[in-house]
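Student: Would you mind keeping the following structure in view while I ask a few things?
Below you can see the structure in the form of structure tokens.
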């Protein structure tokens, strides 16, 4: 079944679902506001969705889980502290050569190197791979996912799941102050400083360096001390943002599929349609990890489509790689989204989340067939994780095309299921 084959005005009905999406984003921003991961406001938003969107579903579930919401983005300031101590030990050992015995100097340098390696470990495993290595040091709090399910007329033979995350981030200082250029400069500078510090630590421990080279490395470590300290101020933990685009657009675009089916009295024969409002994505995909753990979905053919930040039309794409390029999404899920975009007159290109991650990555890692639909400037845009991500900063055209793509994906999946390629 295609959208144009339904006995309705497709343009008007897609616009109706788009207006629903935009209106709900505005209501949550106005009446609830910022929603940090595992916060009271995140929970209020989930309850709002149950109360106001549950009518589109046959089954509504609030699935609780616990997590340490402040653990994930602690790595910038944790690493900043580790590296400042590391560089401080290196500089201190140099100037204390005449006052301390060699074993003590060696211990200082060895500890400095160990802290440097620990910093790199946290960056790789906590940020790049989204492993929960820092959670044990932070307080756990309750959060939840809200699952809205619309049943088919007959037996469930297929299932399509749409998901966005309801929580919003704390403000990123450098993005707010200088946009992408400052953010990238800070990140690159910090990475270079960590690398320089690591090389200096290893060389000093492994080789008896001439004094001029030692002095040069001490100066370099002094510069590195400043370079790594910027990480301590990366996130402003006192100022969460509205998160209208990232990612209330994804949440309500997902629910708009249920709204579309409900408002137009469309009952699919054998396809179950699910919309999930994930919690704690900004805390390191904690909600989608919990969802994947709670649902194996092996009973029938199932596809999961994560939806994130429908804001920048020129950058809209179907993402087949995620988690800084380390996770590859299911080729059939990707093919479904691409064909749906063609039906929406977009023909979206394949893209990769080359820095960071999305809920789709956790779903794929959890064994589900998943892909991601997103429209965000990867630079990133000035509104990303800043106070500019407000309801009056949405792009209606991007939201509308995102909603239309999801509706096409639903109808196409209902008709043909998952395939490597789709008919014209």
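Residue numbers (the working numbering): 3 to 426.
Where a beta carbon is used, it is the ideal one built from N, C-alpha and C, also for glycine.
This structure is a prediction, so every number in the text was calculated from the model and none was measured.
Identify, in the order they occur along the chain, each residue of the same chain with its Cβ nearer than 6 Å to the Cβ of residue 342, setting aside the five sequence neighbours on each side.
Tutor: 407, 410, 411, 414
Student: Taking 7 Å as the limit between beta carbons, can you name the residues of its chain near residue 125, skipping five residues before and five after?
Tutor: 77, 81
Student: Residue 246 by DSSP, collapsed to three states: which one?
Tutor: The answer is helix: DSSP assigns residue 246 an H, G or I state.
Student: Taking only runs of the beta strand (DSSP E) that begin and end inside the region 324-371, which ones reach a length of at least 3 residues, in chain order?
Tutor: Listed in chain order, the beta strand (DSSP E) elements of length 3 or more contained wholly in the region 324-371 are 352-354.
Student: Alpha carbon to alpha carbon, how far is residue 138 from residue 154?
Tutor: 43 Å
Student: Closest by CA to residue 302, which one among 419, 258, 285?
Tutor: When only C-alpha atoms are compared, the closest one is 419.
Student: How far does the alpha helix (DSSP H) with residue 304 in it extend, from its first residue to its last?
Tutor: Taken as a continuous stretch (DSSP letters only), residue 304 belongs to no alpha helix (DSSP H), being part of the beta strand (DSSP E) at 303-312.
Student: Give the secondary structure of residue 45 by DSSP, where H, G and I count as helix, E and B as strand, and everything else as coil.
Tutor: helix
Student: Reducing DSSP to helix, strand and coil, say where residue 385 ends up.
Tutor: coil
Student: Would you list the residues sitting across from residue 285 in a DSSP beta bridge?
Tutor: Beta-bridge pairing links residue 285 to no other residue.
Student: Buried or exposed for residue 388, please, with buried defined as at least 16 other CB atoms from any protein chain shown within 10 angstroms of its CB.
Tutor: buried
Student: Once you ignore the five residues that flank residue 304 on each side, which residues in its own chain have a CB closer than 6 Å to its CB?
Tutor: 161
Student: Can you tell me where the alpha helix (DSSP H) holding residue 32 begins and where it ends?
Tutor: It spans 12-33 - the alpha helix (DSSP H) in which residue 32 sits, taken as one unbroken run.
Student: Using DSSP with H/G/I as helix, E/B as strand and the rest coil, what is residue 118?
Tutor: helix
Student: Identify whether residue 66 lies in helix, strand or coil by the three-state DSSP scheme.
Tutor: strand
Student: Helix or strand or just coil, what does DSSP make of residue 420?
Tutor: coil
Student: Could you tell me which whole beta strand (DSSP E) segments of length 3 or greater appear in the region 207-262?
Tutor: 237-242
Student: Report the rounded CA-to-CA distance for residue 127 versus residue 322, giving the unit in angstroms.
Tutor: 22 Å
Student: Inspect the CB distances between the region 55-68 and the region 198-217 and report whether three or more fall short of 8 Å.
Tutor: no
Student: If you reduce the DSSP assignment to three classes, tell me which class residue 156 lands in.
Tutor: coil
Student: Would you say residue 219 and residue 118 are within 7 Å of each other, going by their C-beta atoms?
Tutor: no
Student: Check whether the region 220-235 and the region 182-192 are in contact - that is, three or more C-beta pairs closer than 8 Å.
Tutor: yes
Student: Going by beta-carbon coordinates alone, are residue 400 and residue 377 separated by less than 7 Å?
Tutor: yes
Student: Let's test the definition: count the other Cβ atoms within 10 Å of the Cβ of residue 212 and tell me whether it reaches 16, buried, or not, exposed.
Tutor: Looking at its Cβ environment, which holds fewer than 16 other Cβ atoms inside 10 Å, residue 212 is exposed.
Student: Of all the options 318, 338, 265, which has the alpha carbon lying nearest to the alpha carbon of residue 19?
Tutor: 265
Student: Answer yes if the region 6-20 comes into contact with the region 143-158, meaning at least three C-beta pairs across the two stretches below 8 Å, and no otherwise.
Tutor: no
Student: Looking only at its own chain, which residues have a Cβ that is under 6 Å from the Cβ of residue 273, when we skip the five neighbours before and after it?
Tutor: 154, 160, 416
Student: Go ahead and label residue 173 buried or exposed: buried means 16 or more other beta carbons lie within 10 angstroms of its beta carbon, across all protein chains shown.
Tutor: buried
Student: When you compare the region 109-117 with the region 38-52, are there three or more beta-carbon pairs, one atom per stretch, that lie closer than 8 Å?
Tutor: These segments do not touch.
Student: Taking C-beta to C-beta, are residue 338 and residue 255 nearer than 7 Å?
Tutor: no
Student: Cβ atoms of residue 152 and residue 5: under 7 Å apart, would you say?
Tutor: no
Student: May I ask you to report which of helix, strand or coil DSSP gives residue 144?
Tutor: strand
Student: In chain order, what residues of the same chain have a beta carbon less than 6 Å from the beta carbon of residue 245, not counting five sequence neighbours either side?
Tutor: Listed in chain order, the non-local C-beta contacts of residue 245 below 6 Å within the same chain comprise 170, 391, local neighbours out to five positions each way being set aside.
Student: Taking the CB atoms as reference points, tell me whether residue 324 and residue 359 lie closer together than 7 Å.
Tutor: Yes, these two residues count as a Cβ contact at 7 Å.
Student: Using three-state DSSP, classify residue 172 as helix, strand or coil.
Tutor: strand
Student: Are there 16 or more other CB atoms within 10 angstroms of the CB of residue 327, so buried, or fewer, so exposed?
Tutor: Looking at its Cβ environment, which holds fewer than 16 other Cβ atoms inside 10 Å, residue 327 is exposed.
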